[in-house]
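Below: the structure, in structure tokens.
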Amino acid sequence: MFQLAPNHQDDIVRTSKVSFTFDGKSFLAYEGETLAAALMRAKLLHLRDAPADGAPRGVFCCMGLCQECVVQVDGKTIESCRLPVSQGLHVSSLRR
Amino acid sequence: MITDTDIAVIGAGPAGCNAALLAAEYDFSVVMLDEQVSPGGQVWRAKSPAILSAPETPESVAGESVRNAISQSNVTHLGGVRVWHIERSEDPFVIHYENAGVSCSLSCRCLVIATGARETIQPIPGWTLPGVVGMAGATSIFKQDLIPIGSKMVVSGTGPLVFFVAAEQQRLGGEVAAIVTSNTLLDWIKALPAMLLRPGLLFRGLRWITAMYVNRIPIYWGHTVTRVEGESSVSRVEFKKISKDWTPQGQPRFIECDCVSLGSGLISAFESFQLAGISLEHNSDLGGWIPKQEQDGRTNVGGCFICGDGAGIRGSLAAETHGKLAGLSAVAFLGAKINHSIVKLRREYARAASFGEAMSKLSIPRPGLTKLTTAKTVVCRCEGITRAEIEDEMNLGAQSTISVKSGVRAGMGPCGGKFCQTAITDLIAKTKSCPVSQIAPPTARPPLRPISVNTLAGDFDYSDLPISKPSPL
Chain A
1220 MFQLAPNHQD DIVRTSKVSF TFDGKSFLAY EGETLAAALM RAKLLHLRDA PADGAPRGVF
1280 CCMGLCQECV VQVDGKTIES CRLPVSQGLH VSSLRR
Chain B
248 MITDTDIAVI GAGPAGCNAA LLAAEYDFSV VMLDEQVSPG GQVWRAKSPA ILSAPETPES
308 VAGESVRNAI SQSNVTHLGG VRVWHIERSE DPFVIHYENA GVSCSLSCRC LVIATGARET
368 IQPIPGWTLP GVVGMAGATS IFKQDLIPIG SKMVVSGTGP LVFFVAAEQQ RLGGEVAAIV
428 TSNTLLDWIK ALPAMLLRPG LLFRGLRWIT AMYVNRIPIY WGHTVTRVEG ESSVSRVEFK
488 KISKDWTPQG QPRFIECDCV SLGSGLISAF ESFQLAGISL EHNSDLGGWI PKQEQDGRTN
548 VGGCFICGDG AGIRGSLAAE THGKLAGLSA VAFLGAKINH SIVKLRREYA RAASFGEAMS
608 KLSIPRPGLT KLTTAKTVVC RCEGITRAEI EDEMNLGAQS TISVKSGVRA GMGPCGGKFC
668 QTAITDLIAK TKSCPVSQIA PPTARPPLRP ISVNTLAGDF DYSDLPISKP SPL
């Protein structure tokens, strides 16, 4: 039947799940998906506090420009919208 | 480490890919550098490796086709690298880029810049809250990771993108609370003649809108979101009707939601052009500041060519042909005899451009929208600087974007001013009562993207460091 606005979510086949940690807590993600997407699915939106006023910040431009979604991995500050998730990834937020 | 090539193309969207593919047909060595791992740009962004299979969309089909063409061509595609500086030298161009934590350089005889566009978003109270994403940003999550954003989204913005974002959010299993668009139905009716040039896209748009009505998703024509509320993330938005010049007016109304997608059109990502030495000019119909250009992507810098949305917002269809034309200009500059029909390409380009320009016209914000930015609204997100703080600096004598930047650091943070300069330009123009075309953007400075000092320094032996002779005492 012709559907005006079909829901395609069930027709998408993804890789198997891996686990990663965010501020010490464990979460699941599909291997290779963008960390920003994995965090959104886990409802982890508040990724850092703005240095100037301490206000909460999270994923904003989704394409590596705004630097709002940066997190720390292995001591390096990196955009979560440009980082693929792998098994055992340890992510720390830049929340104060 | 410096490598050489005949032609370097920066950006692998519709324009960059087509420029690279055509140039490679003329047997020149072509290197195409791009921030994303796979070619496609924002409009044809590739799926993440986590997606094994998924239903096709027009964007995924077009993207796959260009990715196949690139992989079968002689184009050297450098994916996942970030250009951080373009240096003009005797070579005559040296491109510095980061590749997996190492800074590398590429010298080229000829340069094609196809860096595309970025989104402009009018700052509103609460736009810094987690759960607020750009409209173009939302589409990149949709295309790359195929997930909906949040569980209940409000889409608010200008132009055709609002309907695409809402339709994709639903297609991927998310909910849309409402569409709030600055455009009226009359604006769209006026754009009909241009849209008839692309009946396929017109039909697709009508289908999205019909689906919204069938699913009883409210569309507020001639309205805008005026405030985002929430503690540590979005909980609801305030929205108002807008006047003919898009000044918000009337009683505020509210919609409960957990995410908001905002966008008020696209602007050229012009910093690369500035670094290459191309002068900018203002054209409000094409998104504001754009590089000065001649026919077929030629510029005032010999050997440097431009194409795609970076040269003025005309959309992906125009970008494809513009890329081909710029690619031909580049090979002609290097002495090749052209055996493609330039006349035919120019005609194709003009047709696609007139459709794109009509869509840009719907997307370009009208002056009243700047009133959304209240005195306490954060304008520069990186440094947390409000409109009032910027106005204080202007009252102390700051009359240009550069003086506002050096005075209060607005535009000096990690994003490099990419999300505040449009609003700051508007504020200065308003204070000086002059057109925005007289307020130039700040000088572009490297790095174009954040790069660590460690990467910049690279590996070296202390004995290799040149040490100049001490000055005589």
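Respectively, the protein sequence lines represent chains A and B.
Using our numbering, read the first sequence as starting at 1220 and increasing by one per residue.
Using our numbering, read the second sequence as starting at 248 and increasing by one per residue.
We treat Cβ as the ideally placed atom computed from N, Cα and C, and that holds for glycine.
All of these numbers come straight from a predicted model, not from anything done at the bench.
Reference residue i; option with closest CA among the options
| i | options | result |
| --- | --- | --- |
| R445/B | V402/B, L643/B, A605/B | A605/B |
| C504/B | P395/B, G378/B, G534/B | G378/B |
| D1225/A | K652/B, R365/B, S403/B, A413/B | What sits at residue 1225/A in the sequence shown is Pro, not Asp. The residue with the shortest Cα to Cα distance from P1225/A is A413/B. |
| E630/B | A1274/A, V1310/A, T1296/A | A1274/A |
| V341/B | L280/B, A266/B, V507/B | L280/B |
| A566/B | P407/B, I436/B, G287/B | G287/B |
| G260/B | N346/B, V625/B, E311/B | E311/B |
| A255/B | R292/B, T362/B, M400/B | T362/B |
| Q283/B | V277/B, S276/B, W291/B | W291/B |
| A270/B | H587/B, I611/B, G658/B, L527/B | H587/B |
| G1277/A | L1223/A, E1287/A, I1231/A | E1287/A |
| G550/B | I525/B, N265/B, G420/B | I525/B |
| G1243/A | H1309/A, E1298/A, M1259/A | H1309/A |
| Q1291/A | T1253/A, S1311/A, F1239/A | S1311/A |
| G570/B | N265/B, D253/B, A523/B | N265/B |
| K665/B | V655/B, R696/B, T624/B | R696/B |
| L299/B | L1302/A, L1266/A, E1250/A, G1307/A | E1250/A |
| T633/B | A347/B, L674/B, L616/B, S647/B | L674/B |
| K623/B | E636/B, P612/B, L376/B | E636/B |
| A1256/A | N315/B, G397/B, A383/B, I360/B | G397/B |
Where residue i falls: helix, strand or coil (DSSP)
| i | result |
| --- | --- |
| M1220/A | For M1220/A, the predicted model reports a pLDDT of 40, less than 50, meaning its position is unreliable; a value from the coordinates is still stated below. Note: M1220/A maps to coil in three-state DSSP. |
| K487/B | strand |
| E422/B | strand |
| N321/B | coil |
| L1236/A | Reading off the sequence, residue 1236/A comes out as Lys, not Leu. K1236/A falls in the strand class under three-state DSSP. |
| R500/B | strand |
| L353/B | strand |
| R561/B | coil |
| W435/B | helix |
| Q1291/A | strand |
| H470/B | strand |
| F580/B | helix |
| G1307/A | coil |
| P446/B | helix |
| H569/B | helix |
| W455/B | helix |
| R628/B | coil |
| T620/B | coil |
| R1322/A | Here chain A comprises residues numbered 1220 to 1315, so residue 1322/A is not present and cannot be evaluated. |
| T304/B | coil |
Burial state of residue i (16 or more Cβ within 10 Å)
| i | result |
| --- | --- |
| A597/B | exposed |
| P194/B | Given a span of 248 to 720 for chain B in the structure shown, any question on residue 194/B remains unanswerable. |
| H343/B | buried |
| C1281/A | buried |
| V639/B | In the sequence as presented, Val is not what sits at residue 639/B; that position holds Asp. Label assigned to D639/B: exposed. |
| V700/B | exposed |
| M1220/A | Unreliable positioning characterises M1220/A in this predicted model, as indicated by a pLDDT of 40, which lies under 50. The coordinate reading is nonetheless provided below. It is exposed - the Cβ of M1220/A has fewer than 16 other Cβ atoms within 10 Å. |
| V590/B | exposed |
| L575/B | buried |
| C1300/A | buried |
| R594/B | exposed |
| Y273/B | buried |
| L1284/A | buried |
| F450/B | exposed |
| Y467/B | buried |
Beta-bridge partners of residue i, as assigned by DSSP
| i | result |
| --- | --- |
| N530/B | G535/B |
| S1245/A | T1240/A |
| P495/B | I489/B |
| R1276/A | R1267/A |
| S515/B | A364/B |
| T1253/A | P1303/A |
| R545/B | F552/B |
| H332/B | H343/B |
| G326/B | D281/B |
| C506/B | M400/B |
For this session: Could you pull out every unbroken alpha helix (DSSP H) segment of at least 4 residues lying fully inside the stretch 636–676 of chain B, listed in chain order?
Result: For the stretch 636–676 of chain B, whole alpha helix (DSSP H) runs of length 4 or above, ordered along the chain, are 648–655.
Problem set entry | Length-filtered (3 minimum) beta strand (DSSP E) runs lying within the stretch 248–282 of chain B | Runs found: 249–257, 277–281.
Problem set entry | Runs of alpha helix (DSSP H) wholly within the stretch 344–423 of chain B (minimum 4 residues, chain order) | Here the runs fully enclosed are 382–392, 408–418.
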